[in-house]
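What follows is a set of notes on a single structure, which appears directly below.
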Amino acid sequence: MSLIRSHVESSERPHNGMLTLAAADRDSRVRVARVSGRPRHIQRLAALGIVPGALLTVLKPHGPAIVSLGGARIAIGQNAADSIEIELAER
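Number 97 marks the last residue of the sequence shown (the numbering used here); no jumps.
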């Protein structure tokens, strides 16, 4: 099983070709590459620790996504998950 699904919907793939949190497989380790959206949205995610460079474990990738960050579980709505660009993190 791949860490990132090979078949992703267009809404899960930003224009620059990176994958979003919504495209990650369950139990994958990912690094936040970029968070896009309105400033208030970005600030809210930053307050939760979801910033570029943060390492997340994806517990549930779809609406709402659930990630583990520093031992805490965080639920992220589908629109927010679509705005978080990720890259695979080495285990």
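The beta carbon of each residue, even a glycine, is placed where N, CA and C say it ideally should be. Being a predicted model, the structure only gives us computed values, none of them experimental.
Bridge partners - residue i, DSSP secondary structure assignment
i: Leu-65; result: DSSP output for Leu-65 lists no bridge partner at all.
i: Ile-72; result: Lys-66 and Ala-81
i: Ile-92; result: Leu-25 and Val-38
Start and end residues, alpha helix (DSSP H) containing residue i
i: Leu-54; result: Element bounds for Leu-54: n/a, residue is neither H nor E.
Buried/exposed call for residue i, threshold 16 Cβ in 10 Å
i: Val-57; result: exposed
i: Ala-28; result: buried
i: Asp-88; result: buried
i: Glu-96; result: exposed
i: Ser-42; result: exposed
i: Glu-93; result: exposed
i: Glu-15; result: Its pLDDT being 35, under 50, Glu-15 is placed unreliably by the model, and the measurement read from it follows with that caveat. The residue is exposed, with fewer than 16 neighbouring Cβ atoms inside 10 Å.
For residue i, the first and last residue of its enclosing beta strand (DSSP E)
i: Ala-39; result: 35 to 41
i: Ala-78; result: 78 to 82
Of the residues the options, the one placed nearest residue i, counting alpha carbons only
i: Ala-83; options: Gly-77, Ile-92 and Val-73; result: The displayed chain sequence assigns Gly, not Ala, to residue 83. The option with the nearest alpha carbon to Gly-83 is Val-73.
i: Arg-50; options: Leu-94, Ala-81, Val-64 and Pro-67; result: Ala-81
i: Asn-85; options: Ala-78, Ala-39, Leu-54 and Gly-69; result: Gly-69
i: Met-24; options: His-47, Val-38, Thr-63 and Lys-66; result: Val-38
i: Ala-78; options: Val-36, Pro-67, Arg-35 and Gly-55; result: Gly-55
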